[in-house]
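Below is one structure, written out as structure tokens, with a few remarks after it.
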Amino acid sequence: MATEAVDEFTTTGLKGWHHHVPGSSKPRIVIVHGLSEHSGRHLGTIHQLTAADYECVRFDLRGHGESGGKRQWIESFEDYIDDVQTIFDWIDNHLPAKPVFLHGHSLGGAICLRFTARYQAKLSGLMVNAPAYKIGDGIPAFKIALAKIMNRFLPGLTMKRNLDITAISRDPEVVSGCQNDPLVYAFNTVRQGYEILNALPAMIEHVQHITIPILFTHGQQDRLVSLHGSQELFNSCASRDKEFICFEEAYHEVHNDFDCEAYFQSIIKWLEARCDPLIAHKQ
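Quick note: the sequence shown uses full-length UniProt numbering, first residue 1, plus one each step.
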């Protein structure tokens with residue numbers, strides 16, 4: 001098994017971690033976490049990837065985890081795209097050049113789709129799990145209208161998240177860990193919520209510009225992000241190399257559910273099929 005080394009870094013207010021395997025020639029994976037959580041909740045995925053000799057870079061989005069910024073605050077959804085670009089700038093300045101794959105979960109998946117549609121020349125491929133596009137059974141129009149009004153007059157107001165925490169995973173230890181994690185927030189600001197709601201409908205347009213290899217994964221029992229929404233994104237995606245894997249019993253966080261081993265095997269198998277030609281070309 002590969003020996004993983006971890007280096008911490010900070011850049012432009014963002015806290016990040018570089019997980020690497022000395023001597024590995026395999027590509028680099030950049031991990032983007034979901035809303036109100038932090039990158040440390042994806043260590044299971046990262047450890048599996050580094051065990052397979054993949055290098056990983058994870059970071060906390062602004063206002064999340066150990067990164068700087070007002071908690072749960074953005075001026076615009078573009079702030080999150082800027083965060084990913086900041087990490088790529090750090091990589092360009094501090095790490096040797098090698099192929100890069102992007103991996104995003106939930107809101108992180110939506111961020112990755114928008115980033116990839118704009119900057120896919122930087123990437124060799126993209127993996128998204130339960131990318132935020134359609135939330136649950138849909139958001140009523142009156143709530144969207146109310147959010148627009150509140151964003152105008154009370155953008156900094158904090159509101160309790162309307163989230164059934166038991167819907168993230170069937171594993172009670174994961175649910176308990178999330179509930180007791182001080183870096184998982186139970187609130188959102190009005191501005192943050194409005195900007196996200198305003199950005200998600202455009203995901204269907206972004207995927208029409210994505211032509212690099214892409215893997216969609218989703219738990220079939222996900223009650224937080226619509227499986228059908230992910231299927232719509234997949235069907236509209238322009239890439240000729242696209243794959244959709246559904247995990248029949250899994251909830252929202254497939255990587256933290258009882259199906260996690262099957263999930264890890266699936267993403268590594270997908271990566272291997274696309275990395276071998278990259279490594280051969282480099283040699």
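Idealized CB from N, CA, C, for every residue including glycine.
None of these values were measured; they are calculated from a predicted model.
Could you tell me which of S236, E78, M150 sits nearest to I111, measuring between CA atoms?
The count along the sequence shown starts at 1 and reaches residue 111 at position 111. Comparing Cα positions, the closest option is E78.
Range of the contiguous alpha helix (DSSP H) that encloses W90
In the sequence shown, residue 90 corresponds to position 90, counting from 1. Per DSSP, W90 belongs to the alpha helix (DSSP H) from 78-94.
Within 10 Å of its beta-carbon, does A141 have 16 or more other beta-carbons around it, so buried, or fewer, so exposed?
As a position in the sequence shown, residue 141 is number 141, starting the count at 1. With fewer than 16 other Cβ atoms within 10 Å, it is exposed.
Sorted by chain position, which residues of the same chain lie with C-beta nearer than 8 Å to R260's C-beta, five sequence neighbours on each side aside?
Stepping through the sequence shown from its first residue, residue 260 is reached at position 260. A small fix is needed here, since residue 260 is Cys in this sequence, not Arg. These residues qualify, in order along the chain: G44, V254.
Kindly identify the DSSP beta-bridge partner or partners of V30.
Residue mapping note: residue 30 aligns to position 30 of the sequence shown, counting from 1. The partner list for V30 (beta bridge, DSSP) reads V57, L102.
On the DSSP letters alone, give me the boundaries of the beta strand (DSSP E) that H218 sits inside.
Position 218 of the sequence shown, counted from the start, is the residue given in the question as residue 218. Where H218 is concerned, the enclosing beta strand (DSSP E) stretches over 214-219.
Helix or strand or just coil, what does DSSP make of V225?
As a first step, residue 225 must be located in the sequence shown, where it is residue number 225. Residue state, collapsed to three classes: strand.
Between which two residues does the beta strand (DSSP E) containing A5 stretch?
As a position in the sequence shown, residue 5 is number 5, starting the count at 1. That run of the beta strand (DSSP E) goes 5-11.
Alpha carbon to alpha carbon, what distance is there between P96 and A130?
Indexing the sequence shown from 1 puts residue 130 at position 130. Indexing the sequence shown from 1 puts residue 96 at position 96. One C-alpha to the other measures close to 31 Å.
Assigned exposure category for D7 - 16 Cβ within 10 Å defines buried:
The count along the sequence shown starts at 1 and reaches residue 7 at position 7. Exposed, by the Cβ-count rule.
Contact set for K98: own chain, Cβ-Cβ below 7 Å, skip 5 residues either direction:
Taking the first residue of the sequence shown as position 1, residue 98 is located at position 98. These residues qualify, in order along the chain: P27, R28.
Using only alpha-carbon positions, find the residue among V32, A117, H228, A132 that is nearest to T86.
Taking the first residue of the sequence shown as 1, we reach residue 86 at position 86. With distances taken between Cα atoms, T86 lies closest to V32.
Proximal residues to K282 (C-beta, below 6 Å), its chain only, five neighbours per side dropped
Locating residue 282 in the sequence shown gives position 282, counting from the first residue. Only weak support is given to the placement of K282: the predicted model assigns it a pLDDT of 46, under 50, and the question is left unresolved by the model.
Alpha-carbon to alpha-carbon, A5 and G104
In the sequence shown, residue 104 corresponds to position 104, counting from 1. In the sequence shown, residue 5 corresponds to position 5, counting from 1. Roughly 22 Å separates the two Cα atoms.
Exposed or buried, what is S176 when buried is set at 16 or more other beta-carbons lying within 10 Å of its beta-carbon?
As a first step, residue 176 must be located in the sequence shown, where it is residue number 176. By the 10 Å Cβ count, S176 comes out exposed.
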